[in-house]
Amino acid sequence: MSVEVVDDGAVPGITLARPEKRNAMTIAMFEPRASDKEFAAQMYKLALPYFEGVAANFIDKQGLMTHDDADTWMDARIANKEPWSARGSRAVEIQALWYEALQAGAYLATQAGDEAHAKEWSALAGKVQRNFLELFWDGSTMADRIRPDGSRDTR
-3 MSVEVVDDGA VPGITLARPE KRNAMTIAMF EPRASDKEFA AQMYKLALPY FEGVAANFID
57 KQGLMTHDDA DTWMDARIAN KEPWSARGSR AVEIQALWYE ALQAGAYLAT QAGDEAHAKE
117 WSALAGKVQR NFLELFWDGS TMADRIRPDG SRDTR
């Protein structure tokens, strides 16, 4: 039996990452198949509103994607209210997905002939990579998240 879980409280006590975060993984999955320029152009048309929406609403000054406390793969809400295990607005896996989505989006933009977005998203991916390494990696331990005060959570 398959149950579709949506982020509108339809399933009491359960929430998944919002669609704009889940789309990062979907876009990255399609990139290897996008050597077919027609397919790439179709996927690019689907991806463009995603990137525009994230850029307008969910990017911090480091280029990282922000999210709510319970918008990660491991979180749920208690009675659709408080997060089961709050992880703040910058969890490690969301940033990895965002980086991969930017790379895939740049590839799709190139395949679709939109060099402006390809350059923009490649540059943002570079910024995400640099800031990710600075914020999350200390040379020996990867942080699980960045707390609201900017400190690293390595527990």
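Going by this note's numbering, the residue at position 114 of the sequence shown is 110; the numbering climbs one at a time, nothing skipped. Backbone N, C-alpha and C define an ideal beta-carbon position, used for all residues, glycine too.
**OP:** Please check the pair Arg73 and Arg141, which I expect to be a contact at CB under 8 Å, by giving their CB distance rounded to whole angstroms.
**Re:** The residue given as residue 73 occupies position 77 in the sequence shown. The residue given as residue 141 occupies position 145 in the sequence shown. Contact doesn't hold; Cβ gap of about 17 Å is too wide.
**OP:** Have a look at Ala43 and Pro79 and give me their C-alpha separation to the nearest angstrom.
**Re:** Indexing the sequence shown from 1 puts residue 43 at position 47. Indexing the sequence shown from 1 puts residue 79 at position 83. Cα to Cα, Ala43 sits roughly 29 Å from Pro79.
Subject >> Ala121 and Gln99 closer than 7 Å at C-beta >> reply: Counted from its first residue, the sequence shown places residue 121 at position 125. Counted from its first residue, the sequence shown places residue 99 at position 103. Against a cut-off of 7 Å, the Cβ pair of Gln99 and Ala121 comes out as a contact.
Subject >> Alpha-carbon spacing of Asp110 relative to Ala75, whole angstroms >> reply: Within the sequence shown, residue 110 is the residue found at index 114, counting from 1. Within the sequence shown, residue 75 is the residue found at index 79, counting from 1. Each residue's alpha carbon lies about 45 Å from the other.
**OP:** Determine the DSSP secondary structure at Trp94, reduced to helix, strand or coil.
**Re:** Along the sequence shown, one-based indexing puts residue 94 at 98. Helix, per DSSP.
Subject >> CA-to-CA distance, Ser136 to Asp64, given in whole angstroms >> reply: Looking up residue 64 in the sequence shown gives position 68. Looking up residue 136 in the sequence shown gives position 140. Using only the alpha carbons, I get a separation of about 27 Å.
**OP:** Rank Thr68, Ala37, Pro144 by C-alpha distance to the C-alpha of Ala92 and give the top, closest one.
**Re:** Taking the sequence shown and counting its residues from 1, the one referred to as residue 92 is at position 96. If we check each option's Cα against that of Ala92, Thr68 comes out closest.
Subject >> Where the alpha helix (DSSP H) containing Arg126 begins and where it ends >> reply: As a first step, residue 126 is located in the sequence shown; it is residue number 130 there, counting from the start. Looking at the DSSP string, the run of the alpha helix (DSSP H) that includes Arg126 is 111 to 132.
Original post:
The alpha helix (DSSP H) with Gly49 in it runs from where to where?
Top reply: Counting from one through the sequence shown, the residue named residue 49 turns up at place 53. Where Gly49 is concerned, the enclosing alpha helix (DSSP H) stretches over 33 to 53.
**OP:** Go through its chain and collect everything with a Cβ distance to Gln58's Cβ below 6 Å, but skip five positions before and after it.
**Re:** As a position in the sequence shown, residue 58 is number 62, starting the count at 1. Around Gln58: Asn127.
Original post:
Within 10 angstroms of its Cβ, does Met138 collect 16 or more other Cβ (buried), or is it exposed?
Top reply: The sequence position of residue 138 within the sequence shown is 142, counting from 1. Met138 is exposed by the Cβ-count criterion.
**OP:** Within 10 angstroms of the Cβ of Gly101, are there 16 or more other Cβ atoms? Answer buried if so, exposed if not.
**Re:** Within the sequence shown, numbered from 1, the residue matching residue 101 stands at position 105. Buried.
Original post:
Met39: which of Arg143, Phe47, Val88, Leu104 sits nearest, CA to CA?
Top reply: Here the question's residue 39 lines up with position 43 in the sequence shown. That would be Leu104, whose Cα lies nearest to the Cα of Met39.
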